[in-house]
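Trainee: Numbering-wise (the working numbering), the sequence shown opens with residue 1 and increments by one.
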Amino acid sequence: MLTNAKGAKIPDNLKQEVILIKLKSIYEDTYNLSGARILYNGATVGSGILTTAGITGSATFATVSPNVIDGQLGDLTSQMSLQINPDNTVNVLPSMLNPGNSFGTLANDGACTYNPATKTFTLHYKYYNGSGNLRHIDEVMVGQ
1 MLTNAKGAKI PDNLKQEVIL IKLKSIYEDT YNLSGARILY NGATVGSGIL
51 TTAGITGSAT FATVSPNVID GQLGDLTSQM SLQINPDNTV NVLPSMLNPG
101 NSFGTLANDG ACTYNPATKT FTLHYKYYNG SGNLRHIDEV MVGQ
């Protein structure tokens, strides 16, 4: 209960105040994206590469928790979550904020790291599309 505030008068009829506090991760930011998405003919690397698509643009990542952010998967409309560990390794996970707009098979597919000095994520991850075909992403995300 507030009864006094330096420099402000608090009316007697206001005995409670609601203050909304929004958590913001230090990783929440808009990131510039670059990299490649490799589309395979089937569920394995052995099925051969169908095509490769470049990744460009930018994406905004929102706070899930102090060490988890959620945003755009590559240059797609799908979402993903990034969990940053104390040693600056990163776990690529299905979206925690938009699980219905994510791939349940999303996972690391190589070393994934965060460089706090340059605000850069270097990611290697994979998912399987609706037809069960493997998609591998090599992506660099640099914070603005």
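Don't be surprised by glycine CBs; every beta carbon is placed ideally from N, CA and C.
Everything numeric in this text was worked out from a predicted model, so none of it was measured.
Cutting at 6 Å between CB atoms, please list the residues of its own chain near glycine 57, excluding the five before and the five after it.
Mentor: The answer, listed in chain order, is Leu33 and Asp75.
Trainee: Please report the residue range of the beta strand (DSSP E) in which threonine 52 lies.
Mentor: Start and end: 49-65.
Trainee: Given 8 Å as the limit, is there contact between the segment 92-108 and the segment 34-51, that is, 3 or more CB pairs closer than that?
Mentor: Because the criterion of three Cβ pairs below 8 Å is not met, the segment 92-108 and the segment 34-51 do not touch.
Trainee: For aspartate 87, does the count of other Cβ atoms within 10 angstroms reach 16, so buried, or fall short, so exposed?
Mentor: Classification of aspartate 87: exposed, given that the 10 Å Cβ count is below 16.
Trainee: In angstroms with no decimal places, state the Cα-to-Cα distance between isoleucine 38 and histidine 136.
Mentor: Each residue's Cα considered, the two are about 5 Å apart.
Trainee: So threonine 120 and valine 140 are supposed to be a Cβ contact under 8 Å. How far apart are they, rounded?
Mentor: About 6 Å separates the two Cβ atoms, so the contact holds.
Trainee: Taking 8 Å as the cut-off, decide whether the C-beta atoms of lysine 40 and valine 92 are in contact.
Mentor: Sequence check: residue 40 is tyrosine here, not lysine. Contact flag unset, no.
Trainee: Excluding the 5 residues flanking isoleucine 26 on each side, which residues of the same chain have their C-beta closer than 8 Å to its C-beta?
Mentor: These residues qualify, in order along the chain: Pro66.
Trainee: What do you reckon, are the CB atoms on serine 81 and isoleucine 69 nearer than 8 Å?
Mentor: Yes. Within cutoff.
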